[in-house]
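In this note's numbering, the protein residues as written are 5 to 307.
These notes are about the structure you will find just below.
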Ligand SMILES: NC(=O)c1ccc[n+]([C@@H]2O[C@H](COP(=O)([O-])OP(=O)(O)OC[C@H]3O[C@@H](n4cnc5c(N)ncnc54)[C@H](OP(=O)(O)O)[C@@H]3O)[C@@H](O)[C@H]2O)c1
């Protein structure tokens, strides 16, 4: 008798597996894959990406659009509005009109602009489901006491207070959702926030601040369903070094010679992976290196 019960149970499990693996409405057997599950979970969501005009932000917008092409809203923000408009047109050309893209000029370092930002959006765009806090920058490689005050201020106001301000602007709508609130806050930190290096003290300090803010926020929101996620890339080839060296392409290119850096798409895939997990799964903290990186720059002074 126990054998009969076990085989009945086995048949029940098998038939429920078959039912879930078959798309009954079309009568076609479609196997549920991780990609199809992610696509379904993202459907209907509104994604806000800061720093979407270049590098990781731009790649993240494209990756979201390709993953959930049937029904998604993506708000692209940065200071270069023309570039955002071009990216929006490219996305629509590639994936069609199922993805609505709204390019909006936003300087996250400007607190007043951030405060007014949501009010300025059309009403149907104001409930953000996923915020990707990606806007960030580095200026120069100066060491104390030679660091320019203007460089300190722009790194702090973009990478730290900008990220905090936009998070505070978006959270109230997330918190109104059932179960004490729902949504994803995905912060792009850096290996620099975990392992500081010479010539990067302010940038490293900003990314350490992002890390502390992110960890506190996750604790602050523990009673809600808001997922607070940090992704820390190692070296990614983007405009990042070009900005650091004030547009000097030779200096920027030299950063990425002799090894194969990550591409912005490598990070974008991980952002979408995190946002596409089952609601109860939080990829709280990730460190992503290219294969030939294992930390920041070495710190031994040899005579
Ligand atoms: N590349 C790397 O090796 C690396 C490694 C670890 C972490 N990260 C982090 O990854 C994030 C993205 O950087 P990336 O590598 O993709 O560099 P990127 O190509 O230079 O992109 C940076 C983006 O941030 C935007 N931005 C800069 N200041 C802004 C401001 N005040 N307001 C709004 N947007 C602003 C830029 O757009 P506009 O100029 O149009 O405003 C641009 O879209 C940053 O947070 C960076 O710290 C990068």
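In this text, a Cβ means the ideal position worked out from N, Cα and C, and glycines have one as well.
Model, not experiment: these values are computed from the prediction.
Distance cut-off 7 angstroms: residue i Cβ against heavy atoms of ligand 1
i	result
residue 237	yes
residue 243	yes
residue 111	yes
residue 160	no
residue 166	yes
residue 119	no
residue 156	no
residue 294	no
residue 138	yes
Neighbourhood of residue i by C-beta, 6 angstroms cutoff - its chain only, sequence neighbours within 5 removed
i	result
residue 89	107
residue 177	131
residue 247	141
residue 187	133, 178 and 230
Separation of residue j from residue i, as counted between CA atoms
i	j	result
residue 292	residue 274	9 angstroms
residue 230	residue 280	14 angstroms
residue 168	residue 303	31 angstroms
residue 98	residue 182	35 angstroms
residue 157	residue 301	24 angstroms
residue 306	residue 272	39 angstroms
residue 122	residue 83	16 angstroms
residue 34	residue 191	34 angstroms
residue 236	residue 47	26 angstroms
residue 74	residue 44	9 angstroms
residue 126	residue 203	43 angstroms
residue 62	residue 208	23 angstroms
residue 115	residue 166	7 angstroms
residue 52	residue 109	12 angstroms
residue 289	residue 210	17 angstroms
residue 26	residue 161	Note that residue 26 has pLDDT 45, beneath the 50 cutoff, so the model's placement of it is unreliable and no number is given.
Cβ shell of residue i (< 7 angstroms), same chain only, five flanking positions each side left out
i	result
residue 265	239, 240, 241 and 294
residue 213	164
residue 105	78, 80, 92, 95 and 96
Same chain, Cβ closer than 8 angstroms to residue i, five either side skipped, listed in chain order
i	result
residue 205	147, 148 and 151
residue 67	269, 272, 273, 275 and 276
Per DSSP, the bridge partner or partners of residue i
i	result
residue 232	189
residue 240	266
residue 289	234
query = Considering only residues of the segment 34-86, which uninterrupted beta strand (DSSP E) runs meet the minimum length of 3 residues and lie entirely inside it, listed in chain order?
reply = 50-54 and 76-82
request  = Output the residue ranges of the beta strand (DSSP E) runs that lie fully inside the segment 80-136 and measure 3 residues or longer, sorted by chain position.
outcome  = 103-109
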